[in-house]
Amino acid sequence: MKFDFAIGNPPYQDETIGDNKNYAPQIYNVFIDEAYKIANATELVHPGRFLFNAGSTPKAWNNKMLNDEHFRVLEYRSDAKEIFPNTSITGGIAITYHDHNKTFVPIEVFSSFSEVNSIRKKVTEFNGFKSFSDIVKSAYSYHFSSTLYEQYPELKGTLSEGHDYDLKSNVFELMPSIFHETQTESNMLRIYGRQNNDRTIRYVKREFILAPDNVDRYKIFIAGADGAAGTIGKPVPARICGAPTIGDIGVGSTESFLSIGTFSNRIEAEHACFFIKTKFMRFMLGILKATQAITPQKFKYVPLQDFTSQSDINWSKSIPEIDKQLYDKYDLSPEEREFIETHVKEME
Numbered sequence: 438m439k440f441d442f443a444i445g446n447p448p449y450q451d452e453t454i455g456d457n458k459n460y461a462p463q464i465y466n467v468f469i470d471e472a473y474k475i476a477n478a479t480e481l482v483h484p485g486r487f488l489f490n491a492g493s494t495p496k497a498w499n500n501k502m503l504n505d506e507h508f509r510v511l512e513y514r515s516d517a518k519e520i521f522p523n524t525s526i527t528g529g530i531a532i533t534y535h536d537h538n539k540t541f542v543p544i545e546v547f548s549s550f551s552e553v554n555s556i557r558k559k560v561t562e563f564n565g566f567k568s569f570s571d572i573v574k575s576a577y578s579y580h581f582s583s584t585l586y587e588q589y590p591e592l593k594g595t596l597s598e599g600h601d602y603d604l605k606s607n608v609f610e611l612m613p614s615i616f617h618e619t620q621t622e623s624n625m626l627r628i629y630g631r632q633n634n635d636r637t638i639r640y641v642k643r644e645f646i647l648a649p650d651n652v653d654r655y656k657i658f659i660a661g662a663d664g665a666a667g668t669i670g671k672p673v674p675a676r677i678c679g680a681p682t683i684g685d686i687g688v689g690s691t692e693s694f695l696s697i698g699t700f701s702n703r704i705e706a707e708h709a710c711f712f713i714k715t716k717f718m719r720f721m722l723g724i725l726k727a728t729q730a731i732t733p734q735k736f737k738y739v740p741l742q743d744f745t746s747q748s749d750i751n752w753s754k755s756i757p758e759i760d761k762q763l764y765d766k767y768d769l770s771p772e773e774r775e776f777i778e779t780h781v782k783e784m785e
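Numbering (this note's numbering), first residue to last: 438 to 785.
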């Protein structure tokens, strides 16, 4: 039997599975699929994270929904409390409509602001566009080697189960015997991380760390999660990401940070830092940033720039002047420029 219409608010997570009280798997996608099977037209209210290809719903399912020509968003609120006053849902709430008998323009990339998609199209259709995400390393790029546990077998099991080789955010506090405030021997790596909620550097034997190819080049570190940075439209203006820090040769990081770039010299790293500080760059990052988490994939629509002295951007200018050069480069309209200027917070 099939219904003409289905309207509902499906359960969005399964709290009966596992013993991790801080995590419950998302299941609203399963209910949405089942609702579409039994009704010609379906209107539902549910979490909106998947609209930004974020959250723990399957990526394949997210993409299916974003490219479904029978699916549209009727209403989206980044603050779930506007609809459910006593509920906090990261990524907001969406009221959606699906109709097997109607055809709409696929969403592809969702935003509640028309300016976001117009700017995105101008930037990504620019001749020679390459994604900045190509040079962003995951926050999980650095790992412990087996040598560590061969020399310090008593440390096995110090980290949480299944994470013996991860440089967790609190690793300095959990393994003080191998992380030192000063260099104790030659050829040690410096690891950038947090201790007592402050950013700091600790020294560790190089043979204890498996590192990506940029460890012995210049790179940039930014926080992999920043709840206070906000998203486009929440708050106005929003910072979008934390301030960048240049990582010198021989410096790695814990899982608190992503590393960006494999730069030949410090000047190029400084230019990339200037770019990250622009409102333009952080706006483009914000297109896919619906939660506090920042991953390499969130930089998909950020255009990679030439950070050498041959660049078409004059990196010696002030950040606002670099922004203007970028607006000109991508032929943004006065309204689009104003939207970025008012929705992204200045970063010094």
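Cβ atoms here follow ideal geometry from the backbone N, Cα and C, with glycine treated the same way.
Note that this is a predicted model, so its numbers are computed, not measured.
So what does DSSP say about residue i, is it helix, strand or coil?
i      : result
Gly630 : strand
Arg639 : strand
Met718 : helix
Leu488 : helix
Val546 : coil
Phe541 : coil
Phe581 : strand
Glu480 : strand
Ala443 : strand
Asp768 : coil
Val652 : coil
His811 : Because the chain in this structure spans residues 438 to 785, residue 811 falls outside the shown range and cannot be described.
Ile759 : helix
Arg557 : helix
Arg774 : helix
Glu512 : strand
His780 : helix
Ser690 : strand
Asp603 : strand
His617 : strand
Pro733 : helix
Ser551 : helix
Pro522 : coil
Between residue i and residue j, which are expected to be in contact by the criterion C-beta below 8 Å, what is the C-beta distance as a whole number of angstroms?
i      : j      : result
Phe711 : Ile759 : 6 Å
Gly684 : Ser696 : 6 Å
Ile572 : Gly689 : Rounded, the Cβ-Cβ distance is 16 Å, inconsistent with contact.
Gly528 : Ala491 : 6 Å
Thr779 : Pro674 : 6 Å
Thr479 : His535 : 5 Å
His507 : Lys539 : 6 Å
Tyr738 : Val560 : 7 Å
Ile544 : Ile530 : With 8 Å as the limit, Ile544 and Ile530 do not qualify as a contact, their Cβ atoms being about 16 Å apart.
Relative to the C-alpha of residue i, which candidate in the options has its C-alpha closest?
i      : options                        : result
Leu725 : Pro462, Asp470, Phe550, Glu480 : Phe550
Glu622 : Lys642, Lys605, Ser606         : Lys642
Asn564 : Ser753, Asn751, Gln742         : Gln742
Ile777 : Thr533, Thr668, Ile731, Ser753 : Thr668
Gln729 : Lys671, Arg703, Tyr767         : Lys671
Tyr579 : Gln620, Ser606, Glu707         : Ser606
Met428 : Asn624, Gln620, Leu596, His600 : Since the first residue of the chain shown is 438 and the last is 785, residue 428 is not available in this structure.
Glu471 : Thr494, Leu488, Ala443, Pro495 : Ala443
Val482 : Asn499, Asn446, Leu488         : Asn446
Phe541 : Ile526, Ile556, Asn504, Phe521 : Asn504
Phe602 : Arg639, Ser583, Glu775, Val560 : It is Tyr, not Phe, that sits at residue 602 in the sequence shown. Residue Ser583 is the option with its Cα nearest to Tyr602.
Ala709 : Phe569, Ala662, Leu626         : Phe569
Cys600 : Phe694, Tyr577, Gln588, Glu552 : In the sequence under discussion, the amino acid at residue 600 is His, which differs from the Cys named in the question. Answer by Cα proximity: Tyr577.
Thr715 : Pro733, Pro681, Thr691         : Pro681
For residue i, is the classification buried or exposed, using 16 other Cβ atoms within 10 angstroms of its Cβ as the cut-off for buried?
i      : result
Leu511 : exposed
Lys458 : In this prediction, Lys458 scores a pLDDT of 46, lower than 50, which makes its location untrustworthy; no coordinate-derived value is stated.
Gln463 : buried
Lys735 : buried
Ala648 : buried
Thr399 : No information on residue 399 is available, as it lies outside the stretch 438 to 785 that the chain covers here.
Ala660 : buried
Ala476 : buried
Ile686 : exposed
Arg639 : buried
**Message:** Quick check: the segment 626-634 against the segment 712-727, are at least 3 beta-carbon pairs closer than 8 Å?
**Reply:** no
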